[in-house]
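**Q**
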Amino acid sequence: RTSASKYKSSDKNLEEIGRELGVDYVLEGTVRWSKVGDKAKVRITPQLIQVDSDRHLWASNY
361 RTSASKYKSS DKNLEEIGRE LGVDYVLEGT VRWSKVGDKA KVRITPQLIQ
411 VDSDRHLWAS NY
């Protein structure tokens, strides 16, 4: 989270961010909360991306 927060409003592309962080892969994702009646739900969608090719290697929903 510490690495991600400084890029939240950045105009940099994924390759630039990866180079600055010295990484080949980035894990990004979303977290969504919803409430239906009395039940609260959360949906987490992580994605593993190869920095130099911008190729999505893996994604899933939880």
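In terms of our numbering, the numbers along the sequence shown are unbroken and rise by one, the last being 422.
We put the CB at the ideal spot given by N, CA and C, even for glycine.
#1: For Ser369, name the three-state secondary structure that DSSP assigns.
#2: Is the distance from the Cβ of Leu417 to the Cβ of Leu387 below 7 Å?
#3: For Pro406, tell me which candidate among Lys395, Ala419 and Lys399 has the shortest Cα-Cα distance.
#4: Measure the C-alpha to C-alpha separation of Lys401 and Ala364 and round it to an integer number of angstroms.
#5: By the 10 Å Cβ neighbour count, where 16 or more other Cβ atoms means buried, how is Gly378 classified, buried or exposed?
**A** Well, looking at it:
#1: coil
#2: no
#3: Ala419
#4: 24 Å
#5: buried
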